[in-house]
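Letter 109 of the sequence shown, counting from 1, is numbered 493 in the working numbering, and no numbers are missing.
Take a look at the structure below.
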Amino acid sequence: MRVYSHVEMSCEEFQAFVSLWRPSETCAATVYLEPLLAGWLSGGSGIECTAANYDHFLQAVVLIIDAILSGRLSLDYHGPHAEPYRRFLAGLHDPNVGGNVLSRMGFDYIVRQTEKGRGSEVS
C-alpha cells in the first residue's frame, strides 16, 4: 500500500477547499489559481498540508497545477450557498488582484497572519 506524503495529500485537501469556496457572490465560470491558493492557505488547511514550509508549498502548487491540467482535480463549486457549477482555470495570476501568494514573502505573510489569528482565537 502506498503512503502519500503531506505534499501529495495537498491536492485532495485543495480540491475539498475549492469545492466549497466562493470568493464573491458571482458564480464565475473561470477562476485564477493564485486567489484560490491564498484562500486555501488563509483557511488553514493549506498551511497544515504544506507544514507551513515554502518549499513544500511550491511542490504542492506544481502537483495541483498538474492535477488540474490532467483533469484529476476539479475546480467546480459544490457548496451550500449556490447551485453547483463548473469552473475552469483562466490562469495563474489574476491581473486585477494585487498580492502574490507564490512569492516567499507573500506566503510567509499569509502564514504569519493566519497563525496570529489562530493565536487570538485561543486567548
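Even glycine gets a Cβ: it sits at the ideal position worked out from N, Cα and C.
request  = Apply the 10 Å Cβ neighbour rule to G475 and answer buried if 16 or more other Cβ atoms are within range, or exposed otherwise.
outcome  = Your numbering for residue 475 matches position 91 in the sequence shown. With fewer than 16 Cβ atoms within 10 Å of its Cβ, G475 is classed as exposed.
task = Starting from the N-terminal side, write out each stretch of the alpha helix (DSSP H) that is 4 residues or longer and does not extend beyond the region 389-457.
result = 390-404, 417-426, 429-433 and 438-453
ask   = Using the rule of at least 16 other Cβ atoms within 10 Å of the residue's Cβ for burial, across every protein chain shown, is T414 buried or exposed?
value = The residue labelled residue 414 in the question sits at position 30 within the sequence shown. Answer is exposed; the Cβ neighbour count stays below 16.
request  = Going by CA-CA distance only, name the one from E467, V402 and I448 that's closest to G427.
outcome  = Residue mapping note: residue 427 aligns to position 43 of the sequence shown, counting from 1. That would be V402, whose Cα lies nearest to the Cα of G427.
request  = My understanding is that L459 touches I448, with C-beta atoms under 8 angstroms, so please give their C-beta distance in whole angstroms.
outcome  = Along the sequence shown, read from residue 1 onward, the residue named residue 459 stands at position 75. Along the sequence shown, read from residue 1 onward, the residue named residue 448 stands at position 64. Separation of the CB atoms of L459 and I448 is rounded to 10 angstroms, and the pair is thereby denied contact status at 8 angstroms.
task = Give every residue of the same chain whose Cβ lies closer than 8 angstroms to the Cβ of H557, excluding the five residues on either side of it in the sequence, and list them in chain order.
result = The question about residue 557 has no answer, for the chain in this structure spans 385 to 507.
query = Near F398, which residues of its chain fall below 6 angstroms by C-beta distance, leaving aside the five closest residues on each side in sequence?
reply = One-based indexing of the sequence shown puts residue 398 at position 14. Result list for F398: W424 and I448, in chain order.
task = Look up D490 in the DSSP assignment and say whether it is helix, strand or coil.
result = The residue labelled residue 490 in the question sits at position 106 within the sequence shown. What sits at residue 490 in the sequence shown is Gly, not Asp. Note: G490 maps to helix in three-state DSSP.
query = Skipping 5 residues on each side, what residues in its chain have a beta carbon closer than 6 angstroms to that of V445?
reply = Taking the sequence shown and counting its residues from 1, the one referred to as residue 445 is at position 61. Nothing meets the Cβ criterion.
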